[in-house]
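**Q** Pasting a structure below so you can have a look.
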Amino acid sequence: MAQLPLRTPRAPFLTIAAALSCGTVPAHAADTPPARPAVFQSLIACRDIGVAADRLACFDRESALLDKAERNRDVVVVDRGQVRAARRTLFGLTLPSLVLFGGERDRDTPEGKAEAAEVDRLETTIRGASRTAMGKWIIVLQDGARWVQIDERSLPSDPRAGQPIRIRRAAMGSYLANVNNQIAIRVRREN
C-alpha cells in the first residue's frame, strides 16, 4: 500500500504571519501627525500673500471662516491646560492613542515628557468607598471616576471619603492604588 506524503499544515503559520503584519500598521500610523484642518491651513496660507491689502483681506476672510467653523463645532480649539484636564479625566480608561491628547508626538519635548509623567499617575481624594459582595473595594474619586479592586490584598484600614489616594500605572496595563499611604492594591477603572 502506498503511503501518502505528509503535508505541513500551513493555516496556523499563515494566521500568525497575518496577525504579525497587521500589528505593524497602527505603529506606523501613530508616527504620522494628523493633517491640520483645511480651514486652519487656509488662514495660515494668508501669510504668504505679498501685497499687504490682499493679505489683510485674506486674513479677514479666513479668520471669519475659522470662527464660524469653531462656533459650529467643526473645529475645536483647546489650549494645553484643557488637554491636561482631559487627560486627567480619562486616566485609567482604555482608549486609542489620540494625537489630540498628545499621543506619542510630544513625548520628545521637555513639556511632553513632564505631561507623560503626569498622565502615568493620579493623586486625588476619595469621594466614597464600598465593598462588593466578594469583599473587593469600589472606590469613587472626587471627579466621579470609579475604580474597583482586582487583587486579593487586604488594607490595614478601610478607605473613607476625604482620604488621599494615589493611582499609578503598573505593568502590563494594570494600575496600583495607594489609599492614605497604605500598601498598594491593584485596581481597574470602570467608568
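275 is the number that the numbering used here gives to position 112 of the sequence shown; each next residue is one higher, with no gaps.
Every residue gets a Cβ at the ideal spot worked out from N, C-alpha and C, and that includes glycine.
(1) Quick check: the Cα distance between R243 and V282, rounded to an integer number of angstroms?
(2) Identify every residue that forms a DSSP beta bridge with Q312.
(3) From L357 to R251, what distance separates their C-alpha atoms?
(4) Roughly how many angstroms lie between the CA atoms of R323 and V303, to the nearest whole one?
(5) Alpha carbon to alpha carbon, how far is V238 from R349? Give it in angstroms, no decimals.
(6) Can you tell me where the beta strand (DSSP E) holding S293 begins and where it ends?
(7) For V202, collect the residues of the same chain with a Cβ closer than 7 Å to its Cβ; drop the 5 residues on either side in sequence, then sort them by chain order.
(8) Would I330 and R290 qualify as a contact pair, given that the criterion is a beta-carbon distance under 8 Å?
(9) On the criterion of 16 or more Cβ atoms from any shown chain inside 10 Å, does G255 qualify as buried, or is it exposed?
(10) Per the DSSP calculation, R329 is bridged to which residue(s)?
(11) Mind checking which residues open and close the beta strand (DSSP E) that includes L229?
(12) Could you name the residues of the same chain whose beta carbon sits closer than 8 Å to that of S320, not counting the 5 residues immediately before and after it, in chain order?
(13) So what does DSSP say about I207, is it helix, strand or coil?
**A** Taking the coordinates as given:
(1) Indexing the sequence shown from 1 puts residue 243 at position 80. Indexing the sequence shown from 1 puts residue 282 at position 119. Cα to Cα, R243 sits roughly 13 Å from V282.
(2) Position 149 of the sequence shown holds residue 312. In DSSP, Q312 forms a bridge with V350.
(3) The structure shown has nothing for residue 357, since the chain only spans 164 to 354.
(4) Position 160 of the sequence shown, counted from the first residue, corresponds to residue 323. Position 140 of the sequence shown, counted from the first residue, corresponds to residue 303. If I take the Cα positions, the gap works out to 10 Å.
(5) Counted from its first residue, the sequence shown places residue 349 at position 186. Counted from its first residue, the sequence shown places residue 238 at position 75. Distance between the alpha carbons of R349 and V238: 39 Å.
(6) Looking up residue 293 in the sequence shown gives position 130. Unbroken beta strand (DSSP E) run through S293: 284-294.
(7) As a first step, residue 202 must be located in the sequence shown, where it is residue number 39. If we look at V202 and ignore the five residues flanking it on each side, its Cβ neighbours are L228, L229, A232, V238.
(8) Here the question's residue 330 lines up with position 167 in the sequence shown. Here the question's residue 290 lines up with position 127 in the sequence shown. No.
(9) Numbered from its first residue, the sequence shown carries residue 255 at position 92. G255 comes out buried.
(10) For the purposes of this step, residue 329 is taken as the residue at position 166 of the sequence shown. Beta-bridge pairing links R329 to E286, N341.
(11) For the purposes of this step, residue 229 is taken as residue 66 along the sequence shown, with counting starting at 1. From DSSP, L229 is part of no beta strand (DSSP E) but of the alpha helix (DSSP H) over 215-234.
(12) As a working note, residue 320 is residue 157 in the sequence shown. So the qualifying residues of the chain are N343, Q345.
(13) For the purposes of this step, residue 207 is identified with residue 44 of the sequence shown, where counting begins at 1. Helix at I207.
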